[in-house]
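The structure under discussion appears below in the form of structure tokens.
Residue numbers (our numbering): 600 to 804.
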């Protein structure tokens, strides 16, 4: 029966409230990191263009084999949702997928859910597109070269995978509604209009 029933959405405020991801305060471990030395530690994060993140999640996670392995396939079918959705299906039925599939929710939670609402909390914000800057920073801090391996490389050709059958304005409006908060968090790093035009020029009608 578990496979037939949609997963209920848990009202977690941020990822730090999710079991298994709760953050332990440094103040409880002063023997490891004395509180008066925390100022010497940089807070940093690595982000990716939100549109690219959604496309990547669709290609690698929102697939029939993944849903089936997580016992979510029948729940999706029971709700009339494709288990091997097109990218347009994901955009059009975004909220419905989030209500039914836990893995869909986990891969579409906002940046603020994971990183907090205030970007100024971080001393450094790096981007996947300029991963070399992150490598240089880590290498400088460590005193030796730290090359970062590239992983999660798909064999699919994105340029051939994304297809749209809906007018550009409708796709844009739907995507903006989905990713508005992420682009607000990334203000000055990524711009929605630029990212959308780049995607549409590659994959649009």
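By construction, the Cβ of each residue, glycine as well, lies at the ideal position given by its N, Cα and C atoms.
Quick caveat: nothing in here was measured; it's all calculated off a predicted structure.
Starting from residue i, follow the beta strand (DSSP E) in both directions and report where the run begins and ends.
i: residue 669; result: Segment: none, residue 669 is in no beta strand (DSSP E) and carries neither H nor E.
i: residue 646; result: 643-646
Applying the criterion that 16 or more other CB atoms from any shown protein chain within 10 Å of the CB defines a buried residue, is residue i buried or exposed?
i: residue 782; result: buried
i: residue 671; result: buried
i: residue 649; result: buried
i: residue 707; result: buried
i: residue 666; result: buried
i: residue 720; result: exposed
i: residue 743; result: exposed
Taking 8 Å as the threshold (C-beta atoms), are residue j and residue i in contact?
i: residue 699; j: residue 669; result: no
i: residue 686; j: residue 724; result: no
i: residue 643; j: residue 717; result: no
i: residue 801; j: residue 691; result: no
i: residue 661; j: residue 617; result: no
Out of the options, which one is the CA nearest neighbour of residue i?
i: residue 693; options: 729, 791, 770 and 749; result: 770
i: residue 778; options: 664, 640 and 712; result: 712
i: residue 792; options: 784, 775 and 801; result: 775
i: residue 641; options: 690, 737 and 773; result: 737
i: residue 558; options: 677, 703, 639 and 688; result: There is no way to answer for residue 558, as the model of the chain reaches only from 600 to 804.
i: residue 749; options: 696, 729 and 639; result: 729
i: residue 768; options: 790, 788, 796 and 741; result: 796
i: residue 678; options: 697, 660 and 690; result: 697
i: residue 639; options: 727, 789, 740 and 676; result: 740
i: residue 652; options: 714, 727 and 715; result: 727
With a threshold of 7 Å on Cβ separation, who are the neighbours of residue i within its own chain once the five nearest residues in sequence on each side are excluded?
i: residue 734; result: 745, 746 and 747
i: residue 794; result: 648 and 650
i: residue 732; result: 725
i: residue 799; result: 767
i: residue 695; result: 678 and 680
Counting along the chain, where does the alpha helix (DSSP H) carrying residue i start and finish?
i: residue 723; result: Per DSSP, residue 723 belongs to no alpha helix (DSSP H); it is in the beta strand (DSSP E), 723-726.
i: residue 856; result: Because the chain in this structure spans residues 600 to 804, residue 856 falls outside the shown range and cannot be described.
i: residue 736; result: 730-741
i: residue 777; result: 767-784
i: residue 650; result: 649-659
i: residue 747; result: Unbroken run through residue 747: none, as it is neither H nor E.
i: residue 702; result: 701-705
In chain order, what residues of the same chain have a beta carbon less than 8 Å from the beta carbon of residue i, not counting five sequence neighbours either side?
i: residue 710; result: 646, 649, 780, 781, 784 and 785
Enumerate in chain order the residues of its own chain whose CB-to-CB distance from residue i is below 6 Å, with the five nearest sequence positions on each side excluded.
i: residue 663; result: 682 and 683
Against chain B, with Cβ distances strictly below 8 Å, would residue i count as a contact?
i: residue 795; result: Going by chain labels, chain B is absent from the structure shown, which holds only one protein chain.
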